[in-house]
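In order, the protein sequence lines correspond to chains A and B. When we follow UniProt numbering, the leftmost residue of the first sequence carries the number 1, and every step to the right adds one. When we follow UniProt numbering, the leftmost residue of the second sequence carries the number 1, and every step to the right adds one. Quick reminder that beta carbons are idealized off the backbone N, C-alpha and C, glycines included. Structure record follows, encoded as structure tokens.
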Amino acid sequence: MRLITHNMLKCHVKNCSDPDKQFPLRFKGTAGAEEVKLEQIEAERNDEFLVRMLPRLEWGALAITAGELNIPLPDKVPSDPAADDGFLQALHTAILEMHVLEGTMFCNGCGHEYKITKGIPNMLLGEHEI
Amino acid sequence: MGLPTPDTAHLARPEYASVYEPAEDTYLLLDALENDRAELQALRPAVCVEIGSGSGCVSAFLGQVLAPHRALIVSTDINAAASAATRETAARAAPAAVLEQCRTRFAQALDGRLRGGVDVLLFNPPYVVTPADEIDSTPEASAWAGGRDGREVLDALLPQVAGLLAPAGRFYLVAIEENKPDEIVRIMAAHGLAGRRVLSRRAGREHLSILRFARSPAAC
Numbered sequence: 001m002r003l004i005t006h007n008m009l010k011c012h013v014k015n016c017s018d019p020d021k022q023f024p025l026r027f028k029g030t031a032g033a034e035e036v037k038l039e040q041i042e043a044e045r046n047d048e049f050l051v052r053m054l055p056r057l058e059w060g061a062l063a064i065t066a067g068e069l070n071i072p073l074p075d076k077v078p079s080d081p082a083a084d085d086g087f088l089q090a091l092h093t094a095i096l097e098m099h100v101l102e103g104t105m106f107c108n109g110c111g112h113e114y115k116i117t118k119g120i121p122n123m124l125l126g127e128h129e130i
Numbered sequence: 001m002g003l004p005t006p007d008t009a010h011l012a013r014p015e016y017a018s019v020y021e022p023a024e025d026t027y028l029l030l031d032a033l034e035n036d037r038a039e040l041q042a043l044r045p046a047v048c049v050e051i052g053s054g055s056g057c058v059s060a061f062l063g064q065v066l067a068p069h070r071a072l073i074v075s076t077d078i079n080a081a082a083s084a085a086t087r088e089t090a091a092r093a094a095p096a097a098v099l100e101q102c103r104t105r106f107a108q109a110l111d112g113r114l115r116g117g118v119d120v121l122l123f124n125p126p127y128v129v130t131p132a133d134e135i136d137s138t139p140e141a142s143a144w145a146g147g148r149d150g151r152e153v154l155d156a157l158l159p160q161v162a163g164l165l166a167p168a169g170r171f172y173l174v175a176i177e178e179n180k181p182d183e184i185v186r187i188m189a190a191h192g193l194a195g196r197r198v199l200s201r202r203a204g205r206e207h208l209s210i211l212r213f214a215r216s217p218a219a220c
């Protein structure tokens with residue numbers, strides 16, 4: 001799971017306590033991130049895609065998550081992102097090259113945990129949680 | 001038909017025994033996507049979702065259809081083996097696309113964030129007419145057992161589709177005659193999506209169709 005996907009996932013437990021806290025899902029073992037197994041896999045950069053994707057990302061959430069995982073990312077989107085090579089490279093690395101292989105995400109509202117195993121987040125809920 | 005079918009040879013391995021192998025229904029959906037290649041590329045999708053990706057063959061193929069343009073394609077499935085198979089198919093395809101996997105029912109984990117944000121949505125549902133209690137009775141059955149009219153799983157998704165689709169988004173659906181495709185089109189019309197049959201083929205006892213939906217009748 002890459003951060004581009006993490007940015008699309010929300011806690012969806014029925015009656016989850018606070019809608020404002022369902023997103024972004026937080027990672028257990030922040031900062032040192034020893035509970036999170038990350039791998040960087042080089043990928044070809046596609047600036048047109050990065051710029052097209054920008055409006056679809058929740059930047060605040062992405063910045064929080066990148067910070068938790070110690071992945072460098074600017075706090076803010078520059079005024080002309082398409083012309084900012086340093087920004088595009090940081091964005092490319094953060095959302096497309098860093099893979100979370102193992103880890104546990106939790107909802108900041110209800111505390112529900114979602115595990116990532118072999119790169120795949122398990123977002124399934126039990127019958128009573130839907 | 002110029003695009004290669006994604007390599008799913010790894011499905012022969014025992015850990016993927018519960019994963020639905022690409023079959024005529026899969027190939028009909030691939031053909032529909034390839035037929036629409038120019039339009040899909042012109043749409044320049046950023047976010048695509050395949051529900052119930054199984055082998056991952058369709059998700060990987062969509063990446064090829066959109067190439068050289070890149071898109072995020074999130075493949076969901078409830079079966080762990082299917083998500084793993086999809087991941088391996090994606091790795092073998094090594095496409096321009098960003099192929100990601102998520103275990104969730106339909107698009108539930110994505111629904112909150114991707115409301116009105118899915119450019120292309122794909123679903124080859126469990127469409128076989130079965131007793132209701134066969135639905136999700138085993139991981140294998142989840143891939144095909146559809147209950148009454150083969151529609152019980154699909155009918156739970158249909159009301160969600162319009163909310164997921166981006167303004168110019170498209171939804172591709174596999175159906176058989178027993179699913180009553182005309183009725184599916186009427187249900188979707190009540191939810192604001194125009195739809196029609198874009199491809200049909202007979203495969204053994206199954207009369208397969210691909211239905212395509214969009215907000216604008218001109219685009220469906």
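Worksheet item: CB-CB under 7 Å to residue 41/B, same chain, minus the five flanking residues each way: which ones, in chain order?
Response: Reading the second sequence from its first residue, position 41 is the one you call residue 41/B. These residues qualify, in order along the chain: 66, 69.
Worksheet item: Does the separation of the CB atoms of residue 5/B and residue 30/B fall below 8 Å?
Response: The residue labelled residue 5/B in the question sits at position 5 within the second sequence. The residue labelled residue 30/B in the question sits at position 30 within the second sequence. Going by C-beta atoms, residue 5/B is nearer than 8 Å to residue 30/B.
Worksheet entry | Continuous alpha helix (DSSP H) stretch holding residue 81/B: start and end | Against the second sequence, residue 81/B aligns to sequence position 81. Taken as a continuous stretch (DSSP letters only), the alpha helix (DSSP H) holding residue 81/B covers 80-93.
Worksheet entry | Runs of alpha helix (DSSP H) wholly within the region 145-206 of chain B (minimum 4 residues, chain order) | 152-164, 181-190
Worksheet item: Relative to the alpha-carbon of residue 57/B, which residue among 208/B, 38/B, 21/B, 218/B has its alpha-carbon at the smallest distance?
Response: Within the second sequence, numbered from 1, the residue matching residue 57/B stands at position 57. Closest option to residue 57/B, Cα to Cα, is 21/B.
Worksheet entry | Reduced DSSP secondary structure (H/G/I, E/B, other) of residue 30/B | By 1-based counting over the second sequence, the position of residue 30/B is 30. Three-state result, residue 30/B: helix.
Discussion item. Need the endpoints of the alpha helix (DSSP H) that residue 119/B sits in, please.
Written reply: To locate residue 119/B, count along the second sequence from 1; it is residue 119. Careful: residue 119/B lies outside any alpha helix (DSSP H), inside the beta strand (DSSP E) at 118-123.
Item to complete: State the start and end residues of the unbroken beta strand (DSSP E) segment that holds residue 51/B.
Response: The count along the second sequence starts at 1 and reaches residue 51/B at position 51. It spans 47-51 - the beta strand (DSSP E) in which residue 51/B sits, taken as one unbroken run.
Practice prompt. Have a look at 200/B, 110/B, 176/B, 211/B and flag the residue whose alpha-carbon is nearest the alpha-carbon of residue 13/A.
Written response: Locating residue 13/A in the first sequence gives position 13, counting from the first residue. It is 110/B whose Cα lies nearest to the Cα of residue 13/A.
Practice prompt. Look at the Cβ atom of residue 18/B, then the Cβ atom of residue 139/B, and state whether they are nearer than 8 Å.
Written response: By 1-based counting over the second sequence, the position of residue 18/B is 18. By 1-based counting over the second sequence, the position of residue 139/B is 139. Yes, they are a contact pair.
Discussion item. Buried or exposed, going by whether 16 or more other CB atoms sit within 10 Å of the CB of residue 108/B?
Written reply: Within the second sequence, the letter at position 108 stands for residue 108/B. Label assigned to residue 108/B: buried.
Worksheet item: Do residue 165/B and residue 123/B have their CB atoms nearer than 8 Å?
Response: The residue labelled residue 165/B in the question sits at position 165 within the second sequence. The residue labelled residue 123/B in the question sits at position 123 within the second sequence. Result no, Cβ atoms of residue 165/B and residue 123/B do not sit closer than 8 Å.
Worksheet item: Near residue 42/A, which residues of its chain fall below 8 Å by C-beta distance, leaving aside the five closest residues on each side in sequence?
Response: Numbered from 1 along the first sequence, position 42 holds the residue referred to as residue 42/A. Counting only Cβ-Cβ distances below 8 Å, and skipping sequence neighbours, we find 97.
Worksheet item: Looking at residue 200/B and residue 208/B, is the spacing between their C-beta atoms short of 8 Å?
Response: Indexing the second sequence from 1 puts residue 208/B at position 208. Indexing the second sequence from 1 puts residue 200/B at position 200. Their beta carbons are under 8 Å apart, which means residue 208/B touches residue 200/B by this criterion.
Worksheet item: Buried or exposed: residue 134/A, going by 16 or more other Cβ atoms within 10 Å of its Cβ?
Response: With chain A represented from 1 up to 130, any question about residue 134/A goes unanswered, as that position is not in the structure.
Discussion item. Looking at the strands, I want to know which residues DSSP matches up with residue 208/B.
Written reply: If you number the second sequence from 1, residue 208/B lands on position 208. 176/B, 201/B, per the DSSP bridge assignment.
Discussion item. My output table needs one value for residue 122/A: the three-state DSSP class, helix, strand or coil.
Written reply: On the first sequence, residue 122/A is found 122 positions in, with the first residue counted as 1. Of the three classes helix, strand and coil, the one that applies to residue 122/A here is strand, per DSSP.
Item to complete: Assign residue 181/B to buried or exposed, taking buried as 16 or more other Cβ atoms, counted over all protein chains shown, within 10 Å of its Cβ.
Response: Locating residue 181/B in the second sequence gives position 181, where the first residue counts as 1. With 16 or more other Cβ atoms within 10 Å, it is buried.
Worksheet item: In whole angstroms, what separates the C-alpha of residue 102/A from that of residue 28/A?
Response: Position 102 of the first sequence holds residue 102/A. Position 28 of the first sequence holds residue 28/A. Whole-angstrom Cα-Cα distance: 11 Å.
Practice prompt. Determine, using beta-carbon pairs with one atom in the region 35-54 of chain A and one in the region 87-96 of chain A, whether at least three such pairs fall under 8 Å.
Written response: yes
Discussion item. Contact criterion: CB-CB distance below 8 Å. Does residue 100/B meet it with respect to chain A?
Written reply: Numbered from its first residue, the second sequence carries residue 100/B at position 100. Interface residue, yes.
Discussion item. Could you check whether residue 126/B and residue 143/B sit closer than 8 Å to each other, using their CB atoms as the reference points?
Written reply: Here residue 143/B refers to the residue found at position 143 when the second sequence is read from its first residue. Here residue 126/B refers to the residue found at position 126 when the second sequence is read from its first residue. Yes, these two residues count as a Cβ contact at 8 Å.
Practice prompt. For residue 104/B, go through chain A and note every residue whose CB falls closer than 7 Å to its CB, in chain order.
Written response: By 1-based counting over the second sequence, the position of residue 104/B is 104. Within chain A, the residues near residue 104/B are 123, 124.
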